[in-house]
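Trainee: Reading the sequence shown from the start, the letters are residues 4 to 86 in our numbering.
Just so it is clear, CB atoms sit at the ideal spot from N, CA and C, and this is done for glycine as well.
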Amino acid sequence: MTVNITLYTKEKCGLCTEAKELLEEISKEYNIQINEIDIYSDDELLEEYQLMIPVIDVERERVGFGKISKLDIISVINGHLNY
């Protein structure tokens, strides 16, 4: 089963780069599909996530925002794999 992950980002965002690298690392262990969305591509996303990014959702479940731990992401992924 592939687990879908949405990563909300913006340009020139150090934490966004870290989150993307973290997800790429996790993708070596888990079958995940990463969908990266720039919040500047949609006014509603920009308004909602402006100060929160990066934001990570796993199968539409919010994992966290800002500095997000690998263990938190893996925990939610495992929850969806065992569902």
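1. When DSSP labels each residue in this structure, what does LEU10 get in the three-state scheme?
2. Tell me the residue span of the alpha helix (DSSP H) that contains ILE77.
3. Are ILE56 and ILE42 touching if we call contact CB-CB under 8 angstroms?
4. Please list, in chain order, all residues of the same chain as LYS70 whose beta carbon is under 7 angstroms from its beta carbon, the five residues on each side excluded.
5. What residues in its chain sit with their C-beta under 8 angstroms from that of THR12, if we drop five residues either side in the sequence?
6. Less than 7 angstroms between C-beta atoms, sequence neighbours within five positions excluded: which residues of the same chain meet that for GLU62?
7. With DSSP collapsed to three states, give me the class of ASP46.
Mentor: Based on what the coordinates show:
1. strand
2. 73-84
3. yes
4. LEU18
5. CYS19, ALA22, LYS23, GLU39, ILE40, ASP41, ILE42, ILE56 and PRO57
6. VAL6, ASN7 and HIS83
7. helix
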